[in-house]
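Colleague: First the structure, which I've put down as structure tokens, then a few questions once you've had a look.
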Amino acid sequence: LIEKLHGNKKREDLFKNTKVIAVGSGKGGVGKSTVAANLAVTLAKIGYKVGLIDADILGYSIPQILGIRGVKPVVPEKGLMLPIEKNGVKVISMGNLVEEEQALIWRGPILGRVLQQFFNDVYWGELDYMLIDLPPGTGDAPLSLMQQVPEAEILIITTPQVTAADVAKRLGIMASKTDSKIIGIVENMSYFICDNCGEKHYIFGKGEGEELSEDLDTKLLGKIPLMTEIRKDSDKGRPVVLDNDEVFKSYKNIVDNLIK
Ligand code: ADP
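Given below as structure tokens:
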């Protein structure tokens with residue numbers, strides 16, 4: 089049945105009703121994977137059919153964030169591999185296919201093929217959204233992945249820090265050179281709300297997300313606060329949007345702006 093449904097169809101046909109969004113960042117550590125995972129879970133919570141490809145093949149962290157470390161996808165005797173399902177999201181990550189640290193020595197050409205295989209050799213079924221967590225930065229790996237999925241629109245994650253926004257801008261310029269459309273910007277770790285005084289503190293600065301969106305002629309889709317709970321929940325393998333209504337609202341706002 090799986091082969092019949094999917095086996096001889098082209099990717100264009102399979103994903104013709106799917107919005108493909110590649111989540112990128114100018115550098116690591118800005119929360120790209122955390123945002124990709126929570127955005128995927130938010131979309132699923134709202135009722136969309138969502139797939140998530142962890143294309144950060146050497147630095148994968150999606151299995152940890154979603155709580156699926158050590159889970160192996162089902163590979164039927166005949167037909168395609170089935171994605172892992174968690175919190176309503178269909179996921180595939182190199183972290184679920186190899187033993188820990190095994191993928192570390194892989195380089196360019198193999199990495200390129202992996203994304204194609206994640207797209208074509210996995211039975212995704214019908215999806216409204218396919219999110220791709222790109223490797224960080226503006227190097228060969230994210231560039232070649234962006235070129236391989238020309239239909240993907242790029243969602244740029246940055247923090248409000250000038251240095252982060254500068255490299256995010258470079259990613260945006262790279263995206264426009266490969267003819268990838270930029271769908272918008274999410275500013276992560278935007279502010280910290282003090283438990284004692286209740287005030288917002290702009291630890292990494294203020295206004296860079298707005299400036300970046302103007303520079304790249306795209307939308308600032310939303311801001312996510314810096315919160316201990318976000319980090320803790322990722323470490324626990326339970327995305328924060330499942331339990332924290334405030335953070336869910338911030339993500340829902342991003343989804344509303346995406347659809348607008
Ligand atoms: P990247 O994918 O950009 O390298 P990660 O998503 O792995 O970044 O996030 C880096 C670290 O920051 C992780 O420990 C994560 O839990 C934490 N983190 C991400 N976003 C937030 C946030 N809004 N508040 C607090 N911690 C965060």
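Per the UniProt record's numbering, the very first residue in the sequence shown carries number 89; after that it's consecutive. Beta carbons: idealized from backbone N, C-alpha and C, even for Gly. Computed from a predicted structure; not experimentally measured.
Judging by CA-CA distance, which residue of Ser113, Lys107, Ile109, Arg319 is the nearest neighbour of leucine 259?
Modeller: Ser113
Colleague: Quick check: the segment 168 to 185 against the segment 138 to 156, are there 3 or more CB pairs under 8 Å?
Modeller: Short answer: they touch.
Colleague: Contact between the segment 204 to 212 and the segment 254 to 274 is defined here as three or more beta-carbon pairs at a separation below 8 Å; is this criterion met?
Modeller: no
Colleague: Just verifying my parser: in three-state terms, what is the DSSP assignment at glutamate 334?
Modeller: In the structure shown, glutamate 334 sits in a helix (DSSP, three-state: H, G or I).
Colleague: So isoleucine 242 and alanine 128 are supposed to be a Cβ contact under 8 Å. How far apart are they, rounded?
Modeller: Contact flag wrong, Cβ pair sits at about 16 Å.
Colleague: For asparagine 284, does the count of other Cβ atoms within 10 angstroms reach 16, so buried, or fall short, so exposed?
Modeller: exposed
Colleague: In whole angstroms, what is the alpha-carbon distance linking glutamate 239 and phenylalanine 103?
Modeller: 10 Å
Colleague: Below 6 Å, is the gap between the Cβ of isoleucine 156 and the nearest heavy atom of ligand 1?
Modeller: no
Colleague: Cα-Cα, which of Gly200, Gln249, Leu131 is closest to serine 232?
Modeller: Gly200
Colleague: Would you say residue 61 and serine 338 are within 7 Å of each other, going by their C-beta atoms?
Modeller: This structure leaves residue 61 out entirely; the chain is present only between 89 and 348.
Colleague: Under a Cβ-count criterion, where at least 16 other Cβ atoms within 10 Å of its own Cβ denotes burial, should proline 164 be classed as buried or exposed?
Modeller: exposed
Colleague: Ligand 1 heavy atoms versus the CB of threonine 122: any closer than 6 Å?
Modeller: yes
Colleague: Classify valine 250: buried if its beta carbon has 16 or more other beta carbons within 10 angstroms, exposed otherwise.
Modeller: exposed
Colleague: State the DSSP-derived secondary structure class of phenylalanine 280, mapped to helix, strand or coil.
Modeller: strand
Colleague: Quick one: does the C-beta of leucine 314 sit closer than 6 Å to a heavy atom of ligand 1?
Modeller: yes
Colleague: Under 8 Å by Cβ, that's how I've got glutamate 287 and threonine 247 pegged, so tell me the actual separation to the nearest angstrom.
Modeller: No, glutamate 287 and threonine 247 are not in contact; Cβ-Cβ is about 19 Å, not under 8 Å.
Colleague: What residue from Asn332, Ser301, Ser278, Leu304 has the CA that sits closest to phenylalanine 292's CA?
Modeller: Ser278
Colleague: Below 7 Å CB to CB, which residues in the same chain sit around lysine 115 once its five sequence neighbours on both sides are set aside?
Modeller: Pro224, Gly225, Ala252, Val255
Colleague: Compute the beta-carbon to beta-carbon distance between threonine 130 and valine 328, rounded to the nearest angstrom, for a pair I have assumed lies under 8 Å.
Modeller: Incorrect: roughly 10 Å between the Cβ atoms, too far for contact.
Colleague: Is there a C-beta anywhere in chain B that falls below 7 Å from the one on valine 210?
Modeller: Absent from the structure: chain B. Only one protein chain is present.
Colleague: Kindly give me the distance between the Cβ atoms of aspartate 221 and aspartate 144, rounded to whole angstroms, as I take these residues to be in contact under 8 Å.
Modeller: 5 Å
Colleague: Along the beta strand (DSSP E) that carries glycine 260, what are the first and last residues, could you check?
Modeller: Careful: glycine 260 lies outside any beta strand (DSSP E), inside the alpha helix (DSSP H) at 250 to 265.
Colleague: In whole angstroms, what is the alpha-carbon distance linking residue 380 and asparagine 332?
Modeller: Missing from the structure shown is residue 380; the chain here goes from 89 to 348 and no further.
Colleague: Taking its Cβ as the centre, do 16 or more other Cβ atoms sit within 10 Å of tyrosine 290, making it buried, or is it exposed?
Modeller: exposed
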